[in-house]
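In this note's numbering, the protein residues as written are 10 to 170.
Glycine included, each C-beta is placed from N, C-alpha and C at the ideal position.
Bear in mind that the values here come from a model prediction, so they are computed numbers and not experimental data.
Structure record follows, encoded as structure tokens.
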């Protein structure tokens, strides 16, 4: 906590005055970070001058790419072991990202197909995240997945058993 206070340019008591506990400080830091990630992903997806494949890859990079690597695995473990620390943010932020991805799929697609493609991309991203050790490898593999799923959209549409 001393280091956090020093980095923030305030005293340790000042830090505790602003945040009632370490959990409150952690929650605020995560909420702020996720909010910035969502805003950056939304901005990337909104730039329709870029092809959809590039926009999706950039959005996933903002949402997940910067959290790839050995140091970030500790953060994921803390969150997984203590979901109550984040409160509703643990569910609302991923839901918001899923909605952004779904909405980015062209309007010519039916909503069910867009949702299926978005869910599959998110699941694929999560899997790749746990299999690679660096951001470049994550982006390389996710780019392939995005290309394949976008090419297969016509075959994905329609009712499923």
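By the 16-neighbour rule on beta-carbons within 10 angstroms, residue 153 is exposed. A straight-line Cα-Cα distance of about 21 Å links residue 135 and residue 160. If you look at residue 157, you'll find it in the alpha helix (DSSP H) that goes 144 to 160.
Taking C-beta atoms under 8 Å as the contact rule, residue 36 and residue 109 fail to qualify, at a distance of about 22 Å. Under the 8 Å Cβ criterion, the segment 41 to 49 does not count as touching the segment 114 to 131, having fewer than three qualifying pairs. Annotation: residue 20 to residue 42 spans about 23 Å, alpha carbon to alpha carbon. For residue 129, the three-state secondary structure derived from DSSP is helix.
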